[in-house]
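To start, the structure under review is shown below, and the notes come after it.
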Amino acid sequence: MEHYTMNLNLKVWKQKDQHAKGSFKMYRVENISSEMSFLEMFDVLNEQLITAGEDPIAFDHDCREGICGMCSMYINGKPHGPWQANTTCQLHMRAFQNEDTIVVEPWRANAFPVIKDLMVDRSAFDRIIQAGGYISVNTGNAVDGNAILIDKDNADNSFAAAMCIGCGACVAACKNSSAMLFVSAKVSHLALLPQGGPERHNRVINMITQMDKEGFGSCTNTGACEAACPKEISLTNIARLNNEYLKVSVVAEK
Amino acid sequence: MLESKIPAGTLEHKWTDYKGHCKLVNPANKRKLEIIVVGTGLAGASAAASLGELGYKVKAFCFQDSPRRAHSIAAQGGINAAKNYQNDGDSTFRLFYDTVKGGDYRSREANVYRLAEVSSNIIDQCVAQGVPFAREYGGVLSNRSFGGVQVQRTFYAAGQTGQQLLIGAYQALERQVALGNVKMYTRHEMQEIVIIDGKARGIIARDLISGKLERHFGHAVLLCSGGYGNVFYLSTNAMGSNVTAAWKAHKNGALFGNPCFTQIHPTCIPVTGDHQSKLTLMSESLRNDGRIWVPKQKGDTRKASQIPEEERDYYLERRYPAFGNLVPRDVASRAAKERCDEGYGVGSSRQAVYLDFSAAFERYGATEASITGIGNPSKEQIVALGKQVVKEKYGNLFDMYEKITGENPYEVPMRIYPAVHYTMGGLWVDYELMTTVKGLYALGEANFSDHGANRLGASALMQGLADGYFVIPYTIGNYLADEIYNKPISTDHEAFQTAEKMVRERLESLMNINGTQTVESFHKRLGKIMWNKCGMARNANGLQQAITEIQQLKKEFWSDLKIPGSINELNTELDKAGRVADFIELGELMCIDALNRNESCGGHFREEYQTPDGEALRDDANYMYVAAWEYKGDHYWELHKEPLQYDVIKPTQRNYK
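These protein sequence lines map, in sequence, to chains X and W.
For what it's worth, our numbering labels the leading residue of the first sequence as 1, then goes sequentially.
For what it's worth, our numbering labels the leading residue of the second sequence as 1001, then goes sequentially.
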């Protein structure tokens, strides 16, 4: 692969804190290698700003290998940028050309207030999990792992849902800021396993109630979430969530 | 000073006897006892959840925005357990033996045996929580192989085992948060330990959003803050992973065990340039199917595809015919370095070797062709079928490789090079996981105890969860049983005030340096010193130089550091500065430890001590001990030795040939 260097114009959202009014600010970076990751390009910019005595841009990041779910930039109108099935930290600069202007914003959703610049507060997701995203089993209660036989397809589908990294790209992509893909991934992960059976009714009701309470919008099935998801969590999970929810609210005793 | 508190009795009965005789705390008293847990990775989340379930009042802290982000999440390959589901001769004893041998006989027998003993319970617990492990068509759990082992005992969830295990522990933790048993503090970083009358009684934490300092009381404090690989700047650790919590404990009297024992993982994506901020691992499981090679000719600049088979040197298969590409990590890393140092490296930097799957494509393709009944298939057909099989097994890793390098590993071999991955050293703990400070515990990678001088693949997840789910719930009771008479101490206590004042002054002195160089630039320089002189190969001369260089770097750091912004706000540069300041001090201790250990063992390779064919040469007569360092003041440590006694296993020269 041929490597090249580029100069770029960056239009980045700056916001002092949750209550301040934010605005875009233009920055210029030069001699960026196509081999760098997008966040390494931000590292270069921040080093430049610190040396010049300016305030660096605050952004969330940690593992930089696409699994922790901490990075969260909205790049050129897309959560995590132009590549499919990708997180911001795994986006590399060969996706861009010399003299491109790149617009970078935080996740925008009422339920994810901006903390500073590109950092947002996603603790609403933790509270949704607290509402029922678990199996109630204390340490020490378990039977032998092979005592529970699980159909391979169910295990595989459960795993595919459990791959969700909780980054919030689905919410950021949705015109309604709905968290349905996130919630459905957790409901599916646990509903597809026999261990998740005993609590499946309460789980779906409680998680949806909490989701609404947090101020996430409704789902209108446009599928923007699935398209933006770095782990390709399928829209089928939302169908499964609706199915679970309907069964409980219409048929089940609880 | 070092009382390891290993229970008497035969190896197989020690843990059972301990559990049968340790003190208990009744449920009513548990509600009155408060425990602080720092870090929410596998060890921290499992400990916080389990202790909350028992009824203790728990406060858990993490610097990330959610406990689910802790770096355990990035573990790829799997978790070991002595289930013997494959009927291939596995047992608790074998897992114990492999771990002690893999660690090059520098770990404690009793601890490792307990680890092997509880390994099965971990799998059961995780399955009960809904961890979606890989399964066979019959519905049973699936296993695979890992390095340094001849049985299949690794449980996995594709290439995301750490993620799935952590989410299991995270969910258990959030359940306890919902029940009110655990209070969670995210975006908080521990800055100091509070010690009252010789016992750990709390911490000073900094709210990373407001910058405010907070005081938190606990009857006991658990450090589950992970390893310190980021001392090398470049490592497979997350950007935020740091040694600060452990280092504060160390400076307050907790001894640091075997700091120089670092694991360099053989299969990582090579460095591309000075901009590089971190390195990415390609799972060890790839060595099940990939073959590692370099050209036979020095400085060969041809593309891999243009180098014919007979001009390729499959050096691991050549040197270690019995284990081949599946030798333990330390051995594989050193062999790669040796080839590159000799001038056989590939890629533009010449600091890489090939990990090639073409043989696997053909092998799997031929089987697949036979299954699907394709008679007389062409080579192209076979390779295409084989690629499909490999994609199912390692698809996510191949995708990750392509995203980072821009090269398609189905078409050209991967280029890999060793990188810092894990630290076996850590806070010295006794059998109960207590440090040398009463009431202060260290769990998971933060302690030194189970992996000796080299950790085997898929054992870190096992140890983190063993400590959190199955060890600490018992051992902490043995301590807290005597604490039921002690009411919580007010955070107005003088010790809290003094600790907070220390932290404030330190933050102020960092801010007041007002120099010209950024935190990042100091961290990079520290990393280079450590990698070049205390990395995969070390020698006395280099280590002495490194110590001088680090001391100078420390002076420069404290006189020319530049941090923007202020203390009472979100300031990521200030957060980093505190961590790097601690890394600099730790770096010096690592070099001192490496210089003291005049032998080679596991990941610690002193060039002066090797066998004629370049293998690590141990010195059991003089160095069969844990080096536990006591902090005595700036640049000054005192060495304490815990002799290692092998009652069951007879240490031999490790042989993977």
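Cβ coordinates follow ideal geometry from the N, Cα and C atoms, glycine included.
Every value quoted in this text rests on a predicted model; they were computed, and no experiment measured them.
Counting only Cβ-Cβ distances below 7 Å, X/M70 has contacts in chain W at Q1064, D1065, R1069, in chain order. Interface with chain W (8 Å Cβ-Cβ cutoff): X/Q97 is excluded. Close CB contacts of W/V1149 within its chain, under the 6 Å cut and outside five residues either way in sequence, are with D1098 (chain order). Any Cβ of chain W closer than 8 Å to the Cβ of X/T139 would place that residue at the interface, and such an atom is present. When the Cα atoms are used, W/E1338 and W/S1210 turn out to be separated by approximately 49 Å. Rounded to the nearest angstrom, the gap between the Cα atoms of W/K1528 and W/V1580 is 14 Å. Between the stretch 71-80 of chain X and the stretch 152-169 of chain X there are three or more C-beta pairs closer than 8 Å, enough to call the two in contact. Here W/S1358 carries a helix assignment [DSSP, helix/strand/coil].
Note that the C-beta distance between X/K152 and W/Y1137 is below 8 Å. Minimum Cα-Cα distance from W/V1177 among the listed residues X/A185, X/R127, X/G66 corresponds to X/R127.
The alpha-carbon of W/V1294 is positioned some 7 Å away from that of W/V1346. Chain X has a Cβ within less than 8 Å of the Cβ of W/Q1160. Listed along the chain, the chain W residues whose CB falls inside 8 Å of the CB of X/Q90 are M1400, K1403, I1404. Residue contact with chain W for X/G196: present (Cβ-Cβ distance below 8 Å to some residue of chain W). Straight through space, the alpha carbons of W/I1122 and W/A1453 are spaced by roughly 24 Å.
In the DSSP assignment, X/V12 forms a beta bridge with X/K25, X/V104.
Chain W places a beta carbon closer than 8 Å to that of X/G66, counting this residue as a contact. Residue environment: W/G1343 is assigned as exposed (fewer than 16 neighbouring CB atoms within 10 Å of its CB, all protein chains considered). Shortest Cα-Cα distance from W/L1165 to any of W/R1187, W/Q1129, W/Q1497 involves W/Q1129.
DSSP, reduced to helix, strand and coil, places W/R1525 within a helical segment of the structure shown.
When 9 Å is used as the limit between beta carbons, W/P1473 is near these residues of chain X: T139, G140, in chain order. With respect to the 8 Å criterion, W/N1258 and W/D1634 are not classified as neighbours on the basis of their beta carbons. In the three-state reduction of the DSSP assignment, W/P1266 falls in the strand class. Burial check for W/Q1125: the Cβ neighbour count within 10 Å reaches 16 or more, so the residue is buried. Between the alpha carbons of W/L1002 and W/S1459 lies a gap of roughly 26 Å. Its chain contains N1143, Q1152 as the residues whose beta carbon lies nearer than 6 Å to that of W/Q1086, once the 5 sequence neighbours on both sides are disregarded; these appear in chain order. One thing to note: W/I1269 has its Cβ no nearer than 8 Å to the Cβ of W/T1262.
Your pair W/L1222 and W/L1286 does not check out as a contact, with CB atoms roughly 35 Å apart and the cut at 8 Å. When the beta-carbon positions are compared, W/V1182 and W/G1052 come within less than 8 Å of each other. Here X/D121 has F112, P113, I115 as same chain residues with Cβ atoms under 7 Å from its own Cβ, once five neighbours each way along the sequence are excluded. Chain-order list of chain W residues neighbouring X/I135: A1128, Q1129, G1130, Q1171, by C-beta distance under 8 Å.
With 16 or more other Cβ atoms from the protein chains shown falling within 10 Å of its own Cβ, W/Y1431 counts as buried.
Annotated as distal: W/A1466 and W/S1004, with beta-carbon spacing of 8 Å or more. Nearest C-alpha to W/A1419 among W/H1071, W/S1333, W/V1471, W/G1406: W/S1333. Taking 8 Å as the CB threshold, W/K1278 lines the interface with chain X.
No Cβ of chain W is located within less than 8 Å of the beta carbon of X/K78.
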